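Engineer:
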Amino acid sequence: MHLMDIDQIRSQFPQLKEKVYGRQLVYLDNAATSLRPVSVAEKWAEMSLRHNSNLHRAVHKTAVDATEEYESTRAAVAAFIGAAAPEEIVFTSGTTQSSNLLASCLEHGNFFAEGDEILICEAEHHSNIVPWQMVAARKGLKIKVLPIDDRGQILISELGNLLTPRAKICAVAQASNVLGIINPIPEIARICHANGTLVFVDGAQGIPHLPTDVKEMDCDFYAFSGHKMYAAPGTGILYGKRSLLEALPPYMGGGEMIESVSWEKTTYAPIPRRFEAGTQNISGVPSLRPAMEMCKLLSGREIMAESERVKSFLLGFFATHPDITLYGNPEDPAQKLSIFSIVVKGAHHEDLALILDKMGIATRSGQMCAEPLMDRFGVTGMLRASFAPYNTMQEAVYFTECLQKAIDMLK
Amino acid sequence: MSSLAETKAAVVEEFSMFDEWLDKYEYLIELGKNLEVFPVELKTDDRLIKGCQSRVWLDTQVQDGVLRFRADSDAIITKGIISLLIRVYDGRSAQEIAADNFDFVEKIGLRENLSPTRANGLNSMIETIRKEAERNV
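As given, the protein sequences belong to chains A and B, one line each in that order. Going left to right, the first sequence walks through residues 62 to 472 as our numbering numbers them. Going left to right, the second sequence walks through residues 53 to 189 as our numbering numbers them.
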């Protein structure tokens with residue numbers, strides 16, 4: 062793999078050249094979904110146009126090729142996140158399905174008894190809250206909230222106090238989709254494991270930006286979405302330690318997840334196929350391979366250095382702006398991704414996003430699927446600009462200028 | 053008071069003067085800022101219009117055979133849009149509003165220039181005004 066500079070990288074993402082309302086698009090909504098590089102789109106198209114076939118079932122050459130693409134992607138994902146074996150990788154439609162799959166399988170595997178507890182971080186995305194609430198309601202479980210401080214960082218000192226013998230699992234993001242704060246997963250896992258509590262990590266925001274090793278984090282389960290890390294939408298994974306996955310019952314019933322089916326007794330396939338009922342995302346999943354290659358390219362030294370410069374510039378801008386409050390503000394900027402959620406005094410987030418849109422800048426406004434976090438900070442919503450490594454300093458400067466213009470318009 | 057058709061035509065005419073959407077926003081912001089103050093005690097949940105990203109409150113009263121609308125939002129561009137709706141429909145009979153097709157919204161290009169979620173918010177505002185009118189026919 063050769064090193065690329067930022068212009069070469071940008072040329073791989075054709076959407077960066079798009080215009081909106083006659084203005085150059087500046088895409089700062091990467092935390093919602095990233096743009097796709099040509100390599101991903103080509104793999105996706107190639108799978109659809111040349112190697113389309115259903116997996117595992119047929120003996121013909123095309124089916125073998127498609128299965129090979131799919132299974133080699135599983136192995137590549139396992140290597141990418143440091144899993145012990147490809148069997149520990151379950152393909153899903155995304156992080157949301159992963160958390161639902163896990164919550165549901167734990168429930169049906171009688172992992173929870175009435176009165177047990179689930180610990181959830183205060184800054185979580187709804188997809189790491191609601192599936193657990195649903196299980197809790199059905200099984201009579203108690204949800205406990207792991208609080209954050211005013212800077213947005215998990216109050217790790219509280220963790221020990223919150224853990225009781227009934228705490229069965231702790232659900233926490235690798236990094237917050239609103240605050241950009243990178244959570245201390247190894248420390249959380251150490252404390253939880255000492256209490257016999259499992260750890261599920263939502264890696265949706267972490268995986269595109271952070272070197273990720275599930276062994277190093279020592280989490281029990283890990284999930285991410287393909288579409289936030291340059292791959293096709295409708296792809297994602299649930300990683301689980303082998304012994305834990307093996308103890309879980311199936312998720313959905315259907316084709317491919319069985320060993321044998323009869324009217325008297327049906328037995329289930331081994332992991333991971335036990336969790337993959339029905340026709341899988343046969344075109345999308347192989348696009349994870351070029352997407353992971355792109356993640357590696359984007360973590361090259363030169364690109365990373367530029368990203369850090371952009372981050373420092375924006376942190377400086379927000380810190381010195383009299384009307385702006387930045388949420389997710391760790392003392393050490395290394396503990397934060399380039400996700401900037403702000404509230405501007407005297408300007409509603411929706412107005413700011415509407416005006417920025419007309420200037421060509423794509424941002425997100427609202428509650429960012431994290432209503433409890435909005436309540437925590439006592440706001441109705443925020444404006445979020447989330448950067449990817451292909452965003453430039455020039456774009457960051459343009460964003461700050463346009464933001465200032467929008468603020469002036471609204472005052 | 054000018055007729056409903058005349059008022060709608062006047063709004064369309066005003067918006068046709070702007071080439072740039074940013075200028076239209078400037079104008080909406082101005083309208084939003086000048087919207088009549090909405091009594092804080094009317095900001096109740098039953099007056100909230102669902103489907104908007106920002107919070108929008110609408111109060112409807114029947115007065116001397118016509119509908120009187122008052123509204124507010126915490127977002128200023130939305131407030132500007134509300135101000136247009138009030139200018140067009142406030143003080144008219146329920147029959148007249150219920151029979152209207154709200155076509156001026158299309159003519160000033162408001163709907164297609166808002167993202168689907170925000171267009172949805174605008175639709176909610178229009179639907180609420182229409183329902184209030186139908187309820188009072």
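Every residue gets a Cβ at the ideal spot worked out from N, C-alpha and C, and that includes glycine. Since this is a predicted model, take the numbers as computed values, not measurements.
In chain B, which residues lie less than 7 Å from H409/A when you measure between Cβ atoms?
Structural biologist: S106, D126, A127 and I128
Engineer: So, does the CB of L136/B fall closer than 9 Å to a CB anywhere in chain A?
Structural biologist: no
Engineer: Taking the alpha helix (DSSP H) that I128/B belongs to, which residues open and close that run?
Structural biologist: I128 to Y141
Engineer: For a cutoff of 9 Å on Cβ pairs, would you count D126/A as touching chain B?
Structural biologist: no
Engineer: Tell me the start and end of each unbroken alpha helix (DSSP H) in the segment 259 to 297 of chain A that is at least 4 residues and wholly inside, in chain order.
Structural biologist: Taking only runs of at least 4 residues, the alpha helix (DSSP H) segments lying wholly in the segment 259 to 297 of chain A are 275 to 278.
Engineer: For the segment 451 to 470 of chain A, enumerate the residues whose C-beta is nearer than 8 Å to any C-beta of chain B, in chain order.
Structural biologist: Correct list: M470.
Engineer: List, in chain order, every chain B residue whose beta-carbon is nearer than 8 Å to that of S426/A.
Structural biologist: Within 8 Å Cβ-Cβ: Q105.
Engineer: Short of 8 Å Cβ to Cβ, which residues in the segment 73 to 89 of chain B face chain A?
Structural biologist: W73, L74, Y77, E78 and I81
Engineer: Just list the alpha helix (DSSP H) runs in the segment 166 to 240 of chain A, keeping only unbroken ones of 4 residues or longer that don't cross its boundaries, in chain order.
Structural biologist: 191 to 200 and 217 to 223
Engineer: Around the C-beta of A106/A, are 16 or more other C-beta atoms found within 10 angstroms, so that it is buried, or is it exposed?
Structural biologist: exposed
Engineer: From V405/A to T424/A, what distance separates their C-alpha atoms?
Structural biologist: 14 Å
Engineer: Could you tell me whether the segment 73 to 89 of chain B touches the segment 122 to 137 of chain B, using the rule of 3 or more Cβ pairs below 8 Å?
Structural biologist: A contact exists between the segment 73 to 89 of chain B and the segment 122 to 137 of chain B.
Engineer: By the three-class DSSP mapping on this structure, what secondary structure does T94/A have?
Structural biologist: coil
Engineer: State yes or no: is the C-beta of M318/A within less than 9 Å of the C-beta of Y300/A?
Structural biologist: no
Engineer: Counting along the chain, where does the alpha helix (DSSP H) carrying M443/A start and finish?
Structural biologist: Note, M443/A: premise wrong, no alpha helix (DSSP H); beta strand (DSSP E) at M443 to S447.
Engineer: Tell me which same chain residues have a C-beta within less than 8 Å of the C-beta of E66/B, skipping the five on either side of it?
Structural biologist: Y79
Engineer: Between the alpha carbons of N222/A and I150/A, how many angstroms are there, rounded?
Structural biologist: 33 Å
Engineer: Between P311/A and S165/A, what straight-line distance do the alpha-carbon atoms span, to the nearest angstrom?
Structural biologist: 9 Å
Engineer: Taking T96/B as part of the beta strand (DSSP E), name the residues at either end of that continuous run.
Structural biologist: Per DSSP, T96/B belongs to no beta strand (DSSP E) and is neither H nor E.
Engineer: At a Cβ threshold of 9 Å, is I67/A touching chain B?
Structural biologist: Judged by the 9 Å Cβ criterion, I67/A is not in contact with chain B.
Engineer: Quick one: what does DSSP say F378/A is sitting in, helix, strand or coil?
Structural biologist: helix
Engineer: Report the residue from R118/A, A250/A, Q341/A and R251/A whose alpha carbon sits nearest the alpha carbon of G155/A.
Structural biologist: Q341/A
Engineer: Cβ of S348/A within 9 Å of Cβ of K104/A?
Structural biologist: yes
Engineer: If you reduce the DSSP assignment to three classes, tell me which class M62/A lands in.
Structural biologist: Residue placement at M62/A cannot be trusted, given a pLDDT of 45 that sits under 50; what the coordinates show is reported in the next sentence. In this structure, M62/A counts as coil in the three-state DSSP scheme.
Engineer: Span of the beta strand (DSSP E) holding I160/B?
Structural biologist: That residue, I160/B, is in no beta strand (DSSP E); it is neither H nor E in DSSP.
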